[in-house]
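What follows is one structure encoded as structure tokens, with my remarks underneath.
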Amino acid sequence: MEHQVATIETVAETLILPLFEGVNKPPNRALIGLSRSAQSQARGAIASEDFDGKSSKTISLWDSECKVILLGMGKSEDLKENSARDAGAKIVASLGKTHGKNLTVRFTSGWKVNQMVAFAEGMMLRDYKFDKYMSKEEDNDDDDAPYNVTFQASARHQERLTAGCDRAAAITTGVHIARDLGNEPANKLYPMEYATRAQAFAKGKGNLSVTVLDWDDLQENNMGGLVNVGKGSEHKPCMVIWELNAKAKDGPCPIIIGKGITFDTGGISLKPGAAMDEMKFDMHGSATVFGLLVALHGVGHKGHMMGISCMAENTPSSTAYRPGDVIDTYSGKTVEVLNTDAEGRLVLADGLWKAGEFNPEYIIDLATLTGACVVALGHEASGLWSNDDDLLERVRKVASDSGELAWPMPLLPAFEKQVTGSKIADVKNLGDRYGGSNSAAAFLKQFVPEQGEDDDKKQYPWAHIDIAGTGWGTSTNATVAHGATGVHVRTLVRLINNE
Ligand code: BES
Ligand code: ZN
Ligand code: ZN
């Protein structure tokens, strides 16, 4: 989507006019630029009982020069940013070919700039498709052209609306890249391909560096989590370390870690066949990390931050790790592998420990970690665990403000006891039968690095976000049609920006 911001003057092929409840005549300048017949239709519709301005109510009017969509927004004072974003997303979803690609969105009386930006952001987010592998008809150019949207508001709002829309566009680019990566099939996107794409993105960007620990590096460093999970596949594992604004280093920095299993067959503990194709999304944590870096770079973020993507493909083969194996991890702790399908926690164990070398302010990991999290929260919220109440509340708040719910879940000593109960190793990668997303979080906690000396040691603030249900397949997420969602790119931009 291309966009610009302008004052209320002309109209393009389609005018989208979002109006508040209780309006029964066109607000000031709302119909400027329309033909007489379109003006009179709009005036009539707004005055009629058919249009009450209630949320989601729409009326479409036809005129030979410009189509008009009247869109009800509910009461002005009740309009939350999340609802404005959803409304923008839904209107894009409803557009057909006949509306054309040139749109005007006109914000008239009652609209605040933050609501306008949220509406614009919703439109941008929803304008996405993953069709790179579909053959195209050559003479079908028009259909592929991007939308060109002019957001119109009064002169006094221009500056803030322009800044807000530009920022939303940059963040949306990051979300869409996260979706692209999530949607890529596993034969196209494997661990080193992710690394190559990360390096390609960083190339020529002076304030962004990407370091790749490849197969040899992982073995030399004793990163047994990544090595063991990935060793069964021809596509070898790697760790991708991102650093933004190293020159601005000024004490501890946020570090965001992503689970990047480019395909999860379950390994020797093979998954059942049904819906196994969905396991191409098992790298969505790392997709979010990539998208986050794109978004932060795009908005011109000035602070120092880092990302760590833990990439591997989990497949069975004669070289694959097995149930019963005891493996080393980068932390030095040994793990008894009881199920090779609980692989995400193993690659993250190495990523978490690595983060301890970079003086973290806080560490956040994102992972499509457990089916149990989907059982608990459906596709409506990510699970959120933390060893630090302040961090938990901050993440919860920015996630909620972004319309990407992250729901607090318990990090209980009882679950830690389950995963530390191995008879032959320090930790085991399986908990008891129930509460599987909690025992997974408790496992990760065993690998959160500590700060301070000897008796005064304390874990770094850490939060774990299980996106197994929110990374894809959410029918109630208005900002996405299907497939990968790009979840939590926007959450983390807010968090890192201390919003
Ligand atoms: N990638 C899966 C989790 C998953 C399942 C994500 C369904 C999205 C939808 C993960 O690696 C996994 O297989 N976890 C196992 C853990 C179990 C063996 C303890 C699970 O959830 O069944
Ligand atoms: Zn698995
Ligand atoms: Zn997995």
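Under this note's numbering, the sequence shown has 19 at position 8, and the numbering climbs by one with no breaks. Each residue gets a CB set at the ideal place from its N, CA and C atoms; glycine is no exception. Quick caveat, the model's predicted, so the values are computed rather than measured.
May I have the straight-line CA-CA distance separating residue i from residue j, to the nearest angstrom?
i	j	result
residue 418	residue 474	12 Å
residue 297	residue 15	32 Å
residue 367	residue 219	20 Å
residue 248	residue 178	34 Å
residue 269	residue 363	10 Å
residue 264	residue 370	7 Å
residue 335	residue 346	10 Å
residue 238	residue 443	26 Å
residue 194	residue 104	19 Å
residue 172	residue 319	34 Å
residue 485	residue 59	36 Å
residue 406	residue 395	8 Å
residue 455	residue 399	14 Å
residue 134	residue 25	14 Å
residue 29	residue 61	15 Å
List the DSSP bridge partners of residue i.
i	result
residue 452	Bridge partners of residue 452: none, in fact.
residue 117	163
residue 265	373
residue 324	274
residue 80	27 and 71
residue 15	161
residue 316	255
residue 483	495
residue 305	BP columns for residue 305 are empty, so no partner.
residue 37	Bridge partners of residue 37: none, in fact.
residue 462	469
residue 435	Per DSSP, none; premise fails for residue 435.
residue 339	345
residue 475	376 and 396
residue 424	For residue 424, which the question treats as bridged, DSSP gives no partner whatsoever.
residue 417	393
Could you spell out the range, first to last residue, of the alpha helix (DSSP H) harbouring residue i?
i	result
residue 188	169-194
residue 401	400-412
residue 345	Residue 345 -> not in any alpha helix (DSSP H); beta strand (DSSP E) instead, spanning 345-347.
residue 357	355-366
residue 385	382-388
residue 56	47-58
residue 104	92-105
residue 503	500-507
From which residue to which residue does the beta strand (DSSP E) around residue i run?
i	result
residue 397	393-397
residue 22	Run containing residue 22: none; DSSP gives neither H nor E here.
residue 310	No beta strand (DSSP E) contains residue 310, which DSSP labels as neither H nor E.
residue 129	Unbroken run through residue 129 is the alpha helix (DSSP H), 124-137; no beta strand (DSSP E).
Would you mind listing the beta strand (DSSP E) stretches within the stretch 204-262 that are 3+ residues and don't spill past its ends, in chain order? Complete beta strand (DSSP E) runs here, min 3: 219-224 and 249-255.
Does the count of Cβ pairs from the stretch 322-329 and the stretch 350-363 closer than 8 Å reach three? They touch, by the three-pair rule.
Could you tell me whether the stretch 300-316 touches the stretch 245-260, using the rule of 3 or more Cβ pairs below 8 Å? Touching, per the Cβ criterion.
Is there contact here, the stretch 174-193 with the stretch 495-502, by at least three beta-carbon pairs under 8 Å? Under the three-pair Cβ rule at 8 Å, the stretch 174-193 counts as touching the stretch 495-502.
Can we say the stretch 222-236 touches the stretch 277-294, given the rule of at least three CB pairs closer than 8 Å? Contact fails: fewer than three Cβ-Cβ distances are below 8 Å.
Contact between the stretch 124-138 and the stretch 33-41 (3+ Cβ pairs under 8 Å): Between the stretch 124-138 and the stretch 33-41 there are fewer than three C-beta pairs closer than 8 Å, too few to call the two in contact.
With a cut-off of 8 Å, do at least 3 Cβ pairs link the stretch 269-279 to the stretch 297-308? With a cut-off of 8 Å, the stretch 297-308 and the stretch 269-279 count as touching, because enough Cβ pairs lie within range.
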